[in-house]
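Residue numbers (the numbering used here), protein chains in the order written: chain A, 2 to 489; chain B, 49 to 165; chain C, 108 to 591.
Worksheet for the structure shown next.
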Amino acid sequence: MTNHLAILQVVLPLIAAPLCSLINQAKACWLFATTISWLVFAISLSLFIEVQTGGSIRYEIGGWQPPWGIEYHIDALAAFVLLLVSAMAAITLSAFQRRITIEIPKHKQGLFYTAFLLCLTGLLGIVATGDAFNIFVFLEISSLSAYALIALGEDRRALTASFEYLIMGTIGATFILIGIGLLYMQTGTLNIVDLQTRIPAISHLHSVHAAFAFFTIGIFLKLALFPLHHWLPGAYAYAPSAVSTFLAATATKVALYLLYRVFYTIFGSEFSFEVLQLHYILMPLSILAIVISSLNAIFQQDVRKMLAYSSLGQIGYMTLGIALFSDAGLVASILHLFNHAFIKGALFMTLACFLFRTPSLRLDDLNGAGRAMPWVGFAFVVGGLGLIGVPLTSGFISKWLLVSAVIEQGHWWLVAIIVFSSLLALIYVWRVVEHLFFREASAALVANKQPIGALLPFTWVVLLSTLYFGINSDFPVQAAKAAAKALQ
Amino acid sequence: MLSGLYNYWIAILLMAIGFYIVIAHSNLFTKMIGLNIFQTSVFILFISMGKVDGGTAPILSEAYTAYSNPLPHVLILTAIVVSVATTAVGLALIVSINRRYKTLDEHEIEQQELEQE
Amino acid sequence: MILANSLYLNFAIPVIGACLIALLHQRRRTVELVFIGTAAVLLWNTLHLFDLGEAAYFINVSPFSLIDSIPLAFHLEPLGLLFSAIASSLFLVTTLYAIGYMNANNEKHLARFYFCFCIAIFAVMGIAFAANLLTLFIFYEILSFSTYPLVTHKGNEAARNGGRVYLGLLLSTSIGFFLIAILWVWSSTGELDFVRNGFLQEQMPKEALIILYTLFAFGVGKAGLMPFHRWLPSAMVAPTPVSALLHAVAVVKAGVFCVLKITVYVFGLDLLSEGSASNLIIWVATATMLLASLVALSQDNLKARLAYSTVSQLSYIVVGAALATASSVAGASMHMATHAVGKITLFFCAGAIYTAAKKTKVSELDGLAKVMPITFIAYTVAALSIIGLPPMAGSWSKWFLLDGALQAEYFWVAIAFIISTLLNMAYLLPVVARGFFAPAKDNLSGIQEAPWMCLLPLSITAISCFVLFFLLQELHHFLQPLFS
Chain A
2 MTNHLAILQV VLPLIAAPLC SLINQAKACW LFATTISWLV FAISLSLFIE VQTGGSIRYE
62 IGGWQPPWGI EYHIDALAAF VLLLVSAMAA ITLSAFQRRI TIEIPKHKQG LFYTAFLLCL
122 TGLLGIVATG DAFNIFVFLE ISSLSAYALI ALGEDRRALT ASFEYLIMGT IGATFILIGI
182 GLLYMQTGTL NIVDLQTRIP AISHLHSVHA AFAFFTIGIF LKLALFPLHH WLPGAYAYAP
242 SAVSTFLAAT ATKVALYLLY RVFYTIFGSE FSFEVLQLHY ILMPLSILAI VISSLNAIFQ
302 QDVRKMLAYS SLGQIGYMTL GIALFSDAGL VASILHLFNH AFIKGALFMT LACFLFRTPS
362 LRLDDLNGAG RAMPWVGFAF VVGGLGLIGV PLTSGFISKW LLVSAVIEQG HWWLVAIIVF
422 SSLLALIYVW RVVEHLFFRE ASAALVANKQ PIGALLPFTW VVLLSTLYFG INSDFPVQAA
482 KAAAKALQ
Chain B
49 MLSGLYNYWI AILLMAIGFY IVIAHSNLFT KMIGLNIFQT SVFILFISMG KVDGGTAPIL
109 SEAYTAYSNP LPHVLILTAI VVSVATTAVG LALIVSINRR YKTLDEHEIE QQELEQE
Chain C
108 MILANSLYLN FAIPVIGACL IALLHQRRRT VELVFIGTAA VLLWNTLHLF DLGEAAYFIN
168 VSPFSLIDSI PLAFHLEPLG LLFSAIASSL FLVTTLYAIG YMNANNEKHL ARFYFCFCIA
228 IFAVMGIAFA ANLLTLFIFY EILSFSTYPL VTHKGNEAAR NGGRVYLGLL LSTSIGFFLI
288 AILWVWSSTG ELDFVRNGFL QEQMPKEALI ILYTLFAFGV GKAGLMPFHR WLPSAMVAPT
348 PVSALLHAVA VVKAGVFCVL KITVYVFGLD LLSEGSASNL IIWVATATML LASLVALSQD
408 NLKARLAYST VSQLSYIVVG AALATASSVA GASMHMATHA VGKITLFFCA GAIYTAAKKT
468 KVSELDGLAK VMPITFIAYT VAALSIIGLP PMAGSWSKWF LLDGALQAEY FWVAIAFIIS
528 TLLNMAYLLP VVARGFFAPA KDNLSGIQEA PWMCLLPLSI TAISCFVLFF LLQELHHFLQ
588 PLFS
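Spelled out as structure tokens, the structure:
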């Protein structure tokens with residue numbers, strides 16, 4: 002049993018998804034999906050421990066030997082990201098039951114959980130698989146279910162946002178498919194480890210360069226890296242709150258995982274960075290993402306949109322770590338991936354808490370909400386501090402590592418940019434904090450005593466974990482270092 | 049040179065056409081069609097790459113020595129399924145959008161949103 | 108073991124106090140008692156740390172590591188002990204005053220107020236005992252954030268704007284300069300631990316040292332060097348006990364303490380006095396000293412005047428640190444103590460005047476000393492101490508600073524000290540003159556001294572201004588390990 006964990010991880014939610022639509026009874030579906038998600042988390046935890054102690058796991062599906070059969074390959078990086086994704090899924094499902102019953106029509110809830118589990122399957126599959134074409138399939142599974150999930154938002158703009166995401170996402174995935182095809186033409190294999198060994202010999206070919214280009218654009222689209230980010234803010238802002246929490250914490254992170262996998266493992270860092278000099282593209286784009294998105298965030302009236310723009314900036318930090326093309330930069334990037342997922346997840350959860358009593362998440366509707374709901378307001382402050390990167394939050398640790406990596410390369414001007422964008426983060430976070438605490442709450446808000454339920458404690462659990470990792474950063478830092486080592 | 053790579057030229061042409069439609073047209077339904085053309089071009093690319101000149105279907109028999117590579121064809125079956133699913137989701141979205149906005153034109157939708165602000 | 112336990116206890120006490128306050132927030136009297144109790148126990152424990160003696164200096168105590176094997180670490184050393192003693196003793200006095208003041212002025216949300224106060228003191232302890240730059244930085248930031256709710260306590264428009272400037276300036280300087288300086292030190296030397304005589308010798312080129320010292324001095328925005336001093340007057344929207352303890356003592360002293368500590372234990376006095384790394388900062392601080400005094404002259408609001416006076420006095424300490432001679436650093440350390448006692452008295456008086464007579468402007472104080480004699484006598488004593496006239500404590504610290512400037516052959520700095528002293532007189536004494544000698548303009552009947560909970564603390568601190576004059580010899584002796 003235990004040696005099948007690598008595949009169970011993906012198969013379990015995949016089988017559970019149609020069952021969910023068969024059960025089709027809201028409460029039972031929720032219970033079922035939540036149980037499955039915690040099981041998946043337990044599996045990914047045991048996989049993580051196994052990889053930490055015994056090295057990476059290779060699993061042959063159906064006993065077919067690679068490179069003919071499909072292989073699942075879980076190394077330190079994959080185990081780390083699996084842990085992150087499954088943890089966020091379990092937390093989201095457990096915490097959001099009441100919000101889901103409010104936001105989604107009753108007859109659609111069974112299908113909602115189905116789509117959610119499929120999305121989880123896709124994200125886990127991308128990370129676990131060691132086969133290039135499999136990546137594409139799982140990418141589409143996660144994306145298609147994500148389109149459906151986003152479109153369930155109450156606002157009609159959710160539909161247009163979802164459609165835009167569909168167009169951009171499909172183009173991105175198709176680009177990746179073209180890249181896979183071109184590589185297959187030249188190497189005759191789809192197995193990632195196999196590709197890794199065969200590419201150096203043919204790396205001078207134009208078609209390999211073309212494949213590289215297609216992969217680059219495709220992943221940048223999925224990653225929402227500036228300037229290919231336009232689909233993301235709408236998708237996060239109008240989706241049901243459970244969906245925006247889950248996607249904000251995991252979707253772009255998995256795309257980033259794909260970026261590591263393709264450019265470090267498949268093409269190899271030497272080819273990607275020394276021959277094709279990816280960092281010359283990545284560096285300016287990251288900087289633009291950091292600065293422009295943070296500036297954009299300052300002018301948003303809707304807090305969810307603000308956080309979405311902030312995510313774009315944070316993605317810039319992660320790609321910046323890669324663009325530094327150094328070990329320290331890579332570690333910083335992976336660590337920020339992990340830390341930011343929890344910080345952003347927690348922030349979206351606090352916003353969902355507000356939604357119980359405020360009519361919307363526009364700044365004016367949040368006036369005084371921090372006073373009326375002190376625990377939620379305080380949670381937002383703590384999460385916001387993490388976003389800025391204040392000491393004792395995990396955001397500080399990853400920024401410290403990132404800035405150290407930048408200084409190591411001697412890019413002082415970049416230090417200035419990172420500091421500048423941290424101050425921009427301070428502005429956009431504090432703008433909300435002032436609305437929460439320094440404006441009079443409307444009478445309706447004060448009178449509204451609707452209970453928040455399990456969402457609030459879960460929010461605090463996630464927040465406290467970010468604080469814990471900010472004080473005692475050994476676990477994520479060591480895991481990030483092991484992950485970076487697995488990529489070398 | 050040109051004739052030997054005939055399939056690939058077609059694929060690239062279709063890809064460009066599809067991509068252009070997605071970008072240039074403001075009607076969501078047209079966009080969807082463009083996206084389909086774009087995806088189809090990739091199918092052709094994959095199918096072409098599996099074809100071996102003079103090869104037959106991969107049948108295990110003494111009579112045949114040259115086979116076409118079946119793997120890309122199988123892969124593309126999956127991709128076609130994905131494409132169909134994407135189209136289905138996209139069309140479902142279009143129907144819903146039409147119901148809520150009474151239009152499928154991107155600019156008009158934008159206009160409506162601005163007016164609502 | 109004893110060292111670690113007593114040190115941790117110093118962190119635990121305010122945190123436990125804060126937790127109790129949060130738990131008991133419904134019961135007002137209990138909360139007040141807990142608040143005073145916390146302060147008393149903290150002072151007791153801090154004084155206990157002195158008993159450990161020189162043998163306990165520079166032994167690192169670390170609960171766990173933060174990043175990349177940089178530990179969260181604490182240690183004892185004379186400067187930190189001095190600072191913690193100042194902060195915790197004045198904390199006790201302020202708790203009394205705060206309770207009196209907050210009750211007399213019907214302020215709301217008292218539990219939150221006391222809670223944040225305790226957390227702020229916790230942060231101050233962390234700064235005082237930090238054994239490396241990262242630990243110092245972390246507690247520095249906790250102090251900024253924990254005082255933000257105190258500054259904005261009133262929750263109105265003015266409080267919000269004041270808070271914006273406060274947090275904005277403190278955070279942007281600390282992230283923009285302080286953190287960068289720390290990272291720079293870390294990446295070029297691989298060390299962050301404070302050690303005797305510093306660790307930067309021969310590790311960095313001379314030009315880099317100049318930039319680094321400047322980054323540190325400006326990065327510690329709490330030290331109030333111009334042009335990053337605006338947060339201090341903005342913080343005056345806070346209730347007076349906050350201004351008194353935090354913005355005359357804890358926060359600003361934390362700032363200059365950081366500068367002193369970095370000067371002594373990161374750069375080392377030898378390195379600074381030989382080279383010219385701190386030249387620029389000597390200029391800036393001297394200019395701040397004079398300019399802030401001039402601004403103080405023009406302020407009619409008493410608290411604002413005192414705030415600018417604080418900016419000016421802080422620069423004395425920064426100059427003392429930057430001169431980097433034994434006398435000047437000793438003078439700077441003493442000035443931390445003497446100015447703290449003096450300035451807190453002045454703020455207590457300002458608060459007492461507001462509580463009793465609802466007056467905030469200097470021009471409204473005419474004849475008020477007749478109805479509030481104790482307050483005005485205390486004010487006079489403290490003002491004389493800040494100006495630096497014997498037999499008040501402030502005279503010693505200014506003497507050492509002057510001596511240090513002459514030793515380092517910075518004659519223009521010595522002249523600036525003297526000019527600044529004259530300016531001190533010019534902005535502090537008009538209050539005394541108006542209070543005692545000017546005829547009352549309005550009807551003063553019905554005005555009487557503030558409640559005893561306000562009067563007692565300010566009398567204690569005023570007497571300390573005088574008593575400290577005789578204790579400074581011992582303080583000087585206590586600081587000697589710095590220069591060995």
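By construction, the Cβ of each residue, glycine as well, lies at the ideal position given by its N, Cα and C atoms.
Only a predicted model underlies this, so the values are computations on that prediction, with no experimental measurement involved.
Nearest to A/LYS254 by alpha-carbon distance, out of A/LEU277, A/ALA7, A/LEU85, A/PHE215, is A/LEU85.
At a Cβ-Cβ threshold of 8 Å, A/SER146 and A/ALA249 do not count as neighbours.
Take the alpha-carbon of A/ILE335 and the one of C/PHE220: they are about 40 Å apart.
If you check the CB distance, C/SER422 and C/MET396 come in under 8 Å.
A/HIS210: not part of any beta strand (DSSP E); member of the alpha helix (DSSP H) spanning 207-224, first to last residue. The alpha-carbon separation between C/ALA437 and C/PHE325 amounts to approximately 22 Å.
Between C/ASN152 and C/LEU116, the C-beta spacing is below 8 Å.
Contacts with chain A at 8 Å (Cβ-Cβ) do not include B/LEU61. Counting other Cβ atoms within 10 Å of its Cβ, C/HIS182 reaches 16 or more and is therefore classed as buried.
Secondary structure at B/LYS79: helix, using DSSP grouped into helix, strand and coil. Short of 8 Å from the beta carbon of C/LYS468, and not among the five residues preceding or following it, lie these beta carbons of its own chain, in chain order: ASP407, ASN408, LEU409. Bounds of the beta strand (DSSP E) holding A/ILE58 are 58-61. One Cα belongs to A/VAL11, the other to A/VAL377, and the distance between them is close to 34 Å. Residues of the stretch 430-445 of chain A that bring their beta carbon within less than 9 Å of a beta carbon in chain B are absent altogether. Think of a sphere of 7 Å around the beta carbon of B/GLU156: no beta carbon from chain A falls inside it, the nearest being about 11 Å out.
Relative to A/LEU286, the option among A/PHE476, A/PHE216, A/TYR318 whose CA is nearest is A/TYR318. Along the length of the stretch 317-384 of chain A, whole alpha helix (DSSP H) runs at least 4 residues long occupy 328-356, 370-373, reported in chain order. Within the same chain, Cβ atoms closer than 6 Å to the Cβ of A/ILE101 are found at ALA243, the five residues on either side in sequence being excluded.
The residues SER281, PHE285, LEU286, ILE289, in chain order, have a CB closer than 8 Å to that of C/PHE244 in the same chain once the five nearest residues on each side in sequence are set aside. Looking at the DSSP output, C/ASP300 bridges to C/ASN239. C/VAL574 sits exposed, since fewer than 16 C-beta atoms from the chains shown fall within 10 Å of its C-beta.
The C-beta separation of A/THR467 from A/GLY371 comes to about 19 Å, leaving the pair out of contact by the 8 Å criterion. If you ignore the 5 residues before and after A/PRO234, its C-beta comes within less than 7 Å of the C-beta of LYS306, ALA309, TYR310, all in its own chain and listed in chain order. With respect to chain A, the C-beta atom of C/SER294 has a partner C-beta closer than 8 Å.
A/LEU40 and A/SER22 have their C-alpha atoms some 19 Å from each other. DSSP links A/HIS74 through a beta bridge to A/ARG59. Under the three-state reduction of DSSP output, C/VAL520 falls in the helix class. Nearest CB-CB separation between C/GLY262 and chain A: below the 8 Å threshold.
In the DSSP assignment, C/SER169 falls within the beta strand (DSSP E) that extends over 168-174. Residue range 110-129 is occupied by the alpha helix (DSSP H) that includes A/PHE113. Cβ contact annotation for A/GLU165 (same chain, cutoff 8 Å, sequence separation greater than five): HIS231, TRP232, GLY235, ALA236, in chain order. In this structure, the beta-carbon distance from C/GLY511 to C/GLY449 does not fall below 8 Å. Boundaries of the beta strand (DSSP E) harbouring C/PRO178: 177-181, taken from the DSSP string. Pairwise C-beta distances place the stretch 108-120 of chain A out of contact with the stretch 468-479 of chain A, as fewer than three of them are shorter than 8 Å. For a cut-off of 8 Å, the C-beta gap from C/ILE128 to C/PHE222 is around 5 Å, short enough to register as a contact. Residues of chain A whose Cβ lies closer than 7 Å to the Cβ of B/ILE145 are, in chain order, LEU160, THR161, PHE164.
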